[in-house]
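**Student:** Dumping the structure here so I can ask a few things about it.
In the working numbering, the protein residues as written are 586 to 764.
And the structure:
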């Protein structure tokens with residue numbers, strides 16, 4: 586079912602819509618909820634765009650190679666199960682983080698809505714690319730995922746995932762605006 590919808594989608598418009606659903610919504614939400622638009626995460630700003638490029642590759646593979654998804658992902662219950670598991674894991678991870686302040690609702694939105702949808706699409710479309718894509722498509726998709734992983738590692742090592750704390754330490758003027 587999901588594959589059918591993806592195969593009928595525009596390979597440029599859907600990934601761009603997903604990107605706007607992911608990143609600009611966070612900027613806008615923070616502006617409305619906190620008074621200042623910000624997002625210091627490289628993995629979110631740049632890495633999510635790389636993943637959206639990978640989604641476009643996957644949609645093109647579905648459309649041009651006229652392929653079926655891998656057998657283990659064909660059933661709608663399996664696809665929904667993957668989405669529920671990913672969302673549950675991110676929900677628990679969000680709960681374990683220190684997100685007690687209502688000023689961090691956009692972090693919760695990203696962790697519980699955006700990340701599960703993106704990981705779900707990485708699993709579904711990544712498997713299609715891996716099994717039925719050309720060598721170039723596979724390499725491009727792997728490169729897109731690698732960009733996201735590398736940027737996530739940079740964010741983790743630099744402390745950018747706790748954005749308010751990072752801003753407090755690196756941009757006192759913006760931090761003052763967040764109070």
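Backbone N, C-alpha and C define an ideal beta-carbon position, used for all residues, glycine too.
If you run the structure through DSSP and keep just helix, strand and coil, what is residue 745?
**Tutor:** It is coil, neither helix nor strand.
**Student:** Check whether the segment 696–713 and the segment 624–643 touch, using three or more Cβ-Cβ pairs below 8 Å as the test.
**Tutor:** Output reads yes: the segment 624–643 touches the segment 696–713.
**Student:** Within the same chain, show all residues whose beta-carbon is closer than 7 Å to that of residue 736, passing over the 5 residues directly before and after it, in chain order.
**Tutor:** For residue 736, where only same-chain residues beyond five positions count, the Cβ hits under 7 Å are 627, 628, 631, 632.
**Student:** If you follow the alpha helix (DSSP H) that residue 768 is in, where does it begin and where does it stop?
**Tutor:** Residue 768 is absent from the model: the chain starts at 586 and stops at 764.
**Student:** For the alpha helix (DSSP H) containing residue 597, list its first residue and its last residue.
**Tutor:** Careful: residue 597 lies outside any alpha helix (DSSP H) and carries neither H nor E.
**Student:** Starting from residue 622, trace the alpha helix (DSSP H) both ways and give me its first and last residue.
**Tutor:** That residue, residue 622, is in no alpha helix (DSSP H); it is neither H nor E in DSSP.
**Student:** Run through DSSP, which three-state label would residue 719 get?
**Tutor:** Note: residue 719 maps to coil in three-state DSSP.
**Student:** Between the Cα of residue 756 and the Cα atoms of 623, 617, 596, which residue gives the shortest distance?
**Tutor:** Here the closest residue by C-alpha is 623.
**Student:** Does the ligand SAH have a heavy atom nearer than 7 Å to the CB of residue 645?
**Tutor:** The ligand SAH is not among the ligands present in this structure, which contains no ligands whatsoever.
**Student:** Using a 10 Å radius around the Cβ and a threshold of 16 neighbouring Cβ atoms, would you call residue 742 buried or exposed?
**Tutor:** Per the 10 Å Cβ criterion, exposed.
**Student:** Going by CA-CA distance only, name the one from 646, 625, 597 that's closest to residue 750.
**Tutor:** Residue 750 has its Cα closest to that of 625, out of 646, 625, 597.
**Student:** Quick one, which of 748, 693, 708, 740 has its alpha-carbon nearest residue 677's?
**Tutor:** Answer by Cα proximity: 693.
**Student:** Are residue 596 and residue 650 touching if we call contact CB-CB under 8 Å?
**Tutor:** No, the Cβ-Cβ distance between residue 596 and residue 650 is not below 8 Å.
**Student:** Rounding to the nearest angstrom, what Cα-Cα distance links residue 642 and residue 593 in this structure?
**Tutor:** Their backbone Cα atoms lie some 14 Å apart in a straight line.
**Student:** Rounded to a whole number of angstroms, what is the C-alpha to C-alpha distance between residue 610 and residue 724?
**Tutor:** C-alpha separation (whole angstroms): 30 Å.
**Student:** Between residue 691 and residue 668, what straight-line distance do the alpha-carbon atoms span, to the nearest angstrom?
**Tutor:** Each residue's alpha carbon lies about 20 Å from the other.
**Student:** For the candidate residues 689, 645, 745, 661, whose alpha-carbon lies nearest to that of residue 711?
**Tutor:** Nearest C-alpha to residue 711: 645.
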